[in-house]
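Chemist:
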Amino acid sequence: MRSLCLNFQVHQPYRLRTYRFFDIGDDHYYYDDYLNRTIIRRIAEKSYIPANNLLLKLIKELGPKFKVSFSISGIALEQMERFAPEALDGFKKLAKTGSVEFLAETYSHCLASLENKDEFIAQVEKHAAKIEELFGQKPVTFRNSELIYSDHISEIVAEMGYKLMLTEGAKFFLGWKSPNYMYCSAANPKLKLLLRNAQLSDDMAFRFSNTDWSEWPLTADKLAMWLKNMPADQEVVNLSLGYATFGELQNAESGIFEFLKALPGAVLKNSGFSFNTPAELTNTLQPVSAVHVPFPASWADEERDVTAWLGNELQQEAVNKLYVLADRMKGCTDAELLQDWNNLQSSDHFYYMSTKVLSDGAVHALFNPYSTPYEAFINYMNVLSDFTLRLEQMEKEAIPAAKVVEKPKPAQKSKATEKPKATEQPKVAKKSPVKKKTAK
Amino acid sequence: MFGWEFPPHITGGLGTACFGLTKGLAKHGVEALFVVPKAYGDESEEAVRLINASDVEMLTSEESHQKYWEQITFLEVGSNLVPYLTPEEFEKEIIAYKKGKKTKVKRTSAFGEKYQFSGKYGANLLEEVSRYAVVASAIAAENDFDVIHAHDWLTYPAGIAAKAVSGKPLVVHMHATEFDRSGEHVNQTVYDIERKGMEAADRVITVSDWTRAIVIERYGIDPEKVKTVHNAVEPVEKLDPTSYKRHLDEKIVTFLGRITFQKGPEYFIEAAYKVLQRDPNVRFVMAGTGDLMNKMVKRVAQLGISTRFHFTGFLKGDHVDHMFALSDVYVMPSISEPFGISPLEAMRTNVPVVISKQSGVAEVLKYALKIDFWDIDAMADAIYGLLHYPALSNFLKEHGTEEVNALKWENAALKVKDVYEEALNYQEIQYTI
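Same order as they appear, the protein sequences are chains A and B.
Here the first sequence is numbered in the working numbering, starting from 45 and rising by one per residue.
Here the second sequence is numbered in the working numbering, starting from 2 and rising by one per residue.
1) 9 Å is my cut-off, CB to CB: does B:L408 come that close to chain A?
2) For the segment 270–286 of chain B, enumerate the residues whose C-beta is nearer than 9 Å to any C-beta of chain A, in chain order.
3) For A:F431, list the residues DSSP reports as bridge partners.
4) Between A:R85 and A:F127, how many whole angstroms is the CB-CB distance? I'm expecting something under 8 Å.
5) Sorry if obvious, but does the Cβ on B:S357 come closer than 8 Å to a heavy atom of the ligand PLP?
6) How about B:V208 and B:A18: are their beta carbons less than 9 Å apart?
7) Output yes or no for whether 9 Å exceeds the beta carbon distance between A:S229 and A:M204.
8) Which residues does DSSP list as the beta-bridge partners of B:N53?
9) For A:A485 and A:A264, which I take to be in contact (beta-carbon distance under 8 Å), what is that distance rounded to the nearest angstrom?
10) Is the distance from the Cβ of A:N426 to the Cβ of B:G386 below 9 Å?
11) Can you grab the Cα-Cα spacing for the pair B:I52 / B:G30, in whole Å?
12) Rounded to the nearest angstrom, how far is the Cβ of A:L235 from that of A:S198, given a contact under 8 Å?
13) Residue range of the alpha helix (DSSP H) that B:C19 falls in?
14) What are the start and end residues of the beta strand (DSSP E) that includes A:E212?
15) So what's A:R372 in DSSP terms, helix, strand or just coil?
16) Could you name the residues of chain B that A:R64 contacts, counting a contact when the two beta carbons are closer than 9 Å?
17) Does DSSP put A:N282 in a helix, in a strand, or in coil?
18) List the residues of chain B whose Cβ lies closer than 8 Å to the Cβ of A:N356, in chain order.
19) Evaluate the contact criterion for the segment 133–153 of chain B versus the segment 167–187 of chain B: three or more CB pairs, one atom per stretch, below 8 Å.
20) Between the alpha carbons of B:I356 and A:Y227, how many angstroms are there, rounded?
21) Residues in the same chain with beta-carbon distance under 7 Å from B:Y274, minus the five sequence neighbours each way, listed in chain order, please.
22) Note down, in chain order, all residues in the segment 331–346 of chain B with a beta-carbon under 8 Å from any beta-carbon belonging to chain A.
23) Which first and last residues belong to the beta strand (DSSP E) in which B:L408 is found?
24) Any idea what DSSP makes of B:G386, helix, strand or coil?
25) Could I get the ranges of all uninterrupted alpha helix (DSSP H) runs contained in the segment 52–105 of chain A, with 4 residues as the minimum, in chain order?
26) Starting from A:S198, follow the alpha helix (DSSP H) in both directions and report where the run begins and ends.
27) If B:I260 sits next to B:M297, beta carbons under 8 Å apart, how far is it from one beta carbon to the other, in whole angstroms?
28) Alpha carbon to alpha carbon, how far is A:L358 from B:E403?
29) Closest by CA to A:E89, which one among A:E324, A:L267, A:N387 and A:F290?
30) Relative to chain D, which residues along the segment 413–435 of chain A have a C-beta separation below 9 Å, given in chain order?
31) Answer with yes or no whether the minimum CB distance from A:I68 to chain B is below 9 Å.
32) Put B:G289 into one of helix, strand or coil per three-state DSSP.
33) Is there at least one Cβ from chain A nearer than 9 Å to B:K367's Cβ?
34) What are the partner residues of B:G42, as DSSP defines its beta bridges?
35) Distance check for A:R187 and A:G4, CA to CA, integer angstroms please.
36) Round the Cβ separation of A:V350 and A:I192 to the nearest angstrom and send it over; I've been treating them as touching at under 8 Å.
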């Protein structure tokens with residue numbers, strides 16, 4: 045039997061407050077709590093909570109015949125804990141049904157996979173721990189932020205022990221091939237790849253309520269018919285979309301919930317497809333071919349590359365200035381600093397700086413607190429400047445403090461002579477791993 | 002086409018805009034007959050035939066003119082009303098006017114007389130505006146043309162007169178409104194001329210949607226007949242940046258324009274103060290002069306930033322380019338700016354700009370930082386960002402230059418041509434009804 049794999053993404057960043065340059069060094073709180081709370085509450089009420097209830101009901105009715113998977117960023121989970129616990133409860137209940145798989149991703153939904161290997165691994169481990177803590181399952185499938193994928197990333201993911209990774213079936217590397225098969229990484233064939241069917245996923249996520257679309261209205265029966273009519277050897281269809289599609293991107297009035305409600309019945313009855321989680325497919329499907337992806341792909345914009353986050357000089361500068369701190373952050377134990385370090389990595393901050401406003405402007409404008417990419421850049425750089433100062437401050441404080449404990453009261457003179465040594469030593473120690481990393 | 006000035010004898014952006022437009026129109030096969038109050042003989046006639054209103058002989062006995070004169074009252078012109086004049090220049094004009102008062106009208110033959118226009122923005126401006134209208138009616142009767150195009154209120158009476166004589170459609174071009182020049186304290190005479198001009202016109206061209214909104218809301222003009230055609234800039238050879246040496250290591254942030262209420266100089270000073278508190282290695286320059294100059298000098302002294310904040314007075318020609326070449330950031334904090342050509346000049350010289358959202362130019366620029374003129378924090382933040390995050394400054398420099406070079410008069414002229422055609426059709430419809 046052929047497999048239909050539903051995968052829903054949940055992520056909301058900590059949006060930054062308006063942070064002026066005169067706040068640098070003075071005010072260390074970066075977030076717009078009101079805005080973040082408002083947005084997560086709105087999406088929870090309009091989307092997550094009703095959609096969770098619906099899925100729970102469907103699983104209850106259909107039992108093990110209906111399965112779905114989620115990838116929820118750590119930051120989204122944190123915000124739900126704080127602002128929308130009902131939504132989180134729904135996810136916990138879903139976890140208990142045994143029909144729902146929770147995938148691994150980066151904790152802050154970040155670009156570390158492109159920038160810094162160690163940070164990438166740390167982010168994934170942090171996320172896996174959070175998933176296990178909340179949902180009682182250890183993730184076995186990996187889905188990178190925004191489905192970002194490349195040969196290089198696949199090697200790291202395989203190294204971390206994952207057997208399957210989800211990514212986009214982007215035309216630029218897939219060519220004439222269909223996404224509806226299991227593939228594997230050319231860099232490490234042990235890592236299987238499940239590709240998103242962009243056409244059908246976007247039919248639901250973007251075109252569902254578009255009355256100009258020739259296939260409007262999309263019904264569950266119609267989708268089941270399309271699946272049935274697919275060439276018989278195509279073995280798996282992966283529908284991967286933002287969970288907010290239900291009720292937020294497509295509002296309740298569009299009939300999206302009715303569609304979701306009718307979907308499992310229609311698929312099971314008419315299409316010859318069964319519902320499976322990615323983990324199940326890892327064991328049942330064998331790769332038909334390896335794909336070679338030298339340049340990073342993603343599910344964003346027309347290009348399906350990473351230019352939505354790194355397309356212009358502003359984005360590149362901001363990302364560079366952030367990840368240049370990665371190695372210095374390794375020695376950091378300050379909880380607040382670590383929290384900010386994590387939050388500042390969210391890919392959304394860089395997405396807001398995109399100047400591709402003309403072609404994909406509508407998508408970029410979604411939940412975007414800034415009216416121009418320049419404001420996004422200036423605001424982010426102001427925050428990052430303050431963050432960098434704090435890190436410097438912490439490094440300075442950490443060294444003499446350690447020194448004082450060792451030698452309680454040395455003579456004034458010797459202290460003065462020792463000081464430069466003390467500051468230099470750790471610097472050297474910290475810099476050597478940096479060099480190693482760039483050499484790799 | 003009726004205008005008040007034509008290069009090289011210009012005091013503001015109006016003449017430059019007229020010149021660019023006529024050149025653009027010529028490329029689309031539109032011939033222009035350009036009437037100026039006073040021609041000097043060295044104007045560029047590559048794209049237009051220039052008519053000097055001072056050369057036109059008027060028969061004072063003609064009844065129509067007599068009638069017209071009876072309705073005209075002269076007013077002394079206040080400096081506020083003159084858009085592109087510094088107080089010093091205005092004073093000079095007044096003196097010159099008082100001296101030469103009686104020699105203006107000279108009899109050249111037994112039957113007619115010629116009026117010698119100054120073509121400036123002097124104290125007798127309103128008298129000149131009216132006389133210009135009378136001359137216009139004579140020009141309209143003598144020449145063959147399809148459309149009348151009048152630039153700014155000074156020439157609206159001329160446009161109306163020409164339309165009355167010829168029956169041809171009238172297009173009036175709003176380069177600025179009285180509200181941009183005077184804030185809420187408008188000169189009623191000027192406002193009335195502007196409104197009458199627009200009411201009499203078959204089509205009104207505004208230089209921005211910002212101005213279009215003012216025209217519709219404040220003058221009650223039918224939105225149907227108001228069309229926006231954004232200004233453009235004439236391409237220039239690239240300045241050699243090495244020709245001006247920088248003697249200071251500090252970054253320079255510049256305001257260049259008339260120091261009047263409309264240009265928002267006080268917001269620039271307050272923003273400068275904020276930036277200087279964090280980063281003392283910046284110099285702010287306010288270039289230009291105007292009625293608020295003394296007040297601004299005082300404010301700078303009050304804030305204690307005089308060693309970092311400089312006034313240059315009025316800058317001319319080369320000095321303007323020099324100033325741009327030395328600048329790291331250009332700020333235009335205008336409270337109400339119909340278009341605003343200076344940011345384009347700055348961008349052409351590779352200077353990133355911060356401009357107020359209350360300006361027409363903000364509608365056409367993507368590679369500029371836009372702020373509300375009153376939002377001092379945002380203005381300061383934008384300046385600081387440009388000074389401290391080179392990626393931003395470089396990004397705007399690189400793309401900004403391209404963007405400005407793409408703003409061609411040729412394209413603007415095509416839109417103007419469309420408006421002409423609309424005006425012709427509009428008139429036809431009116432007559433058939």
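We put the beta carbon where it would ideally sit given N, CA and C, even for glycine.
Here the structure is a predicted model, which is why all the values come from computation and not from measurement.
Modeler: A quick look at the data gives this:
1) Residue mapping note: residue 408 of chain B aligns to position 407 of the second sequence, counting from 1. For B:L408, the answer is no, since every Cβ of chain A falls outside 9 Å of its Cβ.
2) The segment 270–286 of chain B vs chain A, Cβ under 9 Å: K275, V276, Q278, R279 and D280.
3) One-based indexing of the first sequence puts residue 431 of chain A at position 387. None, per the DSSP bridge assignment.
4) Within the first sequence, residue 85 of chain A is the residue found at index 41, counting from 1. Within the first sequence, residue 127 of chain A is the residue found at index 83, counting from 1. Approximately 6 Å separates the beta-carbon atoms of A:R85 and A:F127; this is inside 8 Å, confirming the contact.
5) Summarising the ligand content, the structure contains no ligands, and the ligand PLP is consequently not present.
6) The residue labelled residue 208 of chain B in the question sits at position 207 within the second sequence. The residue labelled residue 18 of chain B in the question sits at position 17 within the second sequence. In contact: B:V208 and B:A18 (Cβ atoms closer than 9 Å).
7) Sequence index remark: in the first sequence, residue 229 of chain A carries index 185 (1-based). Sequence index remark: in the first sequence, residue 204 of chain A carries index 160 (1-based). Taking 9 Å as the Cβ cut-off, A:S229 and A:M204 do not qualify as a contacting pair.
8) By one-based count along the second sequence, residue 53 of chain B stands at place 52. For B:N53, which the question treats as bridged, DSSP gives the partners B:V37.
9) As displayed, chain A neither begins before 45 nor continues past 484, which places residue 485 of chain A out of reach and without an answer.
10) Sequence index remark: in the first sequence, residue 426 of chain A carries index 382 (1-based). Sequence index remark: in the second sequence, residue 386 of chain B carries index 385 (1-based). Yes. Within cutoff.
11) If you number the second sequence from 1, residue 52 of chain B lands on position 51. If you number the second sequence from 1, residue 30 of chain B lands on position 29. Whole-angstrom Cα-Cα distance: 20 Å.
12) The count along the first sequence starts at 1 and reaches residue 235 of chain A at position 191. The count along the first sequence starts at 1 and reaches residue 198 of chain A at position 154. Right, their Cβ atoms sit about 5 Å apart.
13) To locate residue 19 of chain B, count along the second sequence from 1; it is residue 18. B:C19 -> alpha helix (DSSP H) spans G14 to K28.
14) Residue numbering aside, residue 212 of chain A sits at position 168 when the first sequence is read from its first letter. It spans L208 to E212 - the beta strand (DSSP E) in which A:E212 sits, taken as one unbroken run.
15) Within the first sequence, residue 372 of chain A is the residue found at index 328, counting from 1. Three-state DSSP puts A:R372 in a helix.
16) Taking the first sequence and counting its residues from 1, one reaches residue 64 of chain A at position 20. Near A:R64 (Cβ distances below 9 Å), the residues of chain B are K275, D378, A379, A381, D382 and Y385.
17) By one-based count along the first sequence, residue 282 of chain A stands at place 238. A:N282 sits in a strand when the DSSP states are folded into three classes.
18) If you number the first sequence from 1, residue 356 of chain A lands on position 312. Result: F396.
19) Three or more Cβ pairs closer than 8 Å define a contact, and the segment 133–153 of chain B meets that threshold against the segment 167–187 of chain B.
20) The residue labelled residue 356 of chain B in the question sits at position 355 within the second sequence. The residue labelled residue 227 of chain A in the question sits at position 183 within the first sequence. A straight line joining the alpha-carbon of B:I356 with that of A:Y227 spans about 52 Å.
21) Counting from 1 along the second sequence, the entry for residue 274 of chain B is found at position 273. If we look at B:Y274 and ignore the five residues flanking it on each side, its Cβ neighbours are L304 and I306.
22) Cβ contacts with chain A: none found.
23) As a working note, residue 408 of chain B is residue 407 in the second sequence. No beta strand (DSSP E) holds B:L408; DSSP gives it neither H nor E.
24) For the purposes of this step, residue 386 of chain B is identified with residue 385 of the second sequence, where counting begins at 1. In this structure, B:G386 counts as helix in the three-state DSSP scheme.
25) Listed in chain order, the complete alpha helix (DSSP H) runs (minimum 4 residues) inside the segment 52–105 of chain A are 77–87.
26) On the first sequence, position 154 is the one that residue 198 of chain A refers to. It spans D195 to E203 - the alpha helix (DSSP H) in which A:S198 sits, taken as one unbroken run.
27) Stepping through the second sequence from its first residue, residue 260 of chain B is reached at position 259. Stepping through the second sequence from its first residue, residue 297 of chain B is reached at position 296. The Cβ separation is near 6 Å, so the contact holds.
28) Locating residue 358 of chain A in the first sequence gives position 314, where the first residue counts as 1. Locating residue 403 of chain B in the second sequence gives position 402, where the first residue counts as 1. Going by the C-alpha atoms only, they are around 18 Å apart.
29) Translated into the one-based positions of the first sequence, residue 89 of chain A becomes position 45. Looking at the Cα atoms, A:F290 is the closest of the given residues.
30) Of the chains in the structure shown, none is chain D; the protein chains are A and B.
31) If you number the first sequence from 1, residue 68 of chain A lands on position 24. Cβ-Cβ to chain B under 9 Å: yes for A:I68.
32) If you number the second sequence from 1, residue 289 of chain B lands on position 288. For B:G289, the secondary structure class from DSSP, reduced to helix, strand or coil, is coil.
33) On the second sequence, position 366 is the one that residue 367 of chain B refers to. Yes, because at least one Cβ of chain A sits closer than 9 Å to the Cβ of B:K367.
34) Numbered from its first residue, the second sequence carries residue 42 of chain B at position 41. Answer is none; B:G42 lacks a bridge partner.
35) With chain A covering only 45 through 484, there is no way to say anything about residue 4 of chain A.
36) Within the first sequence, residue 350 of chain A is the residue found at index 306, counting from 1. Within the first sequence, residue 192 of chain A is the residue found at index 148, counting from 1. Right, their Cβ atoms sit about 6 Å apart.
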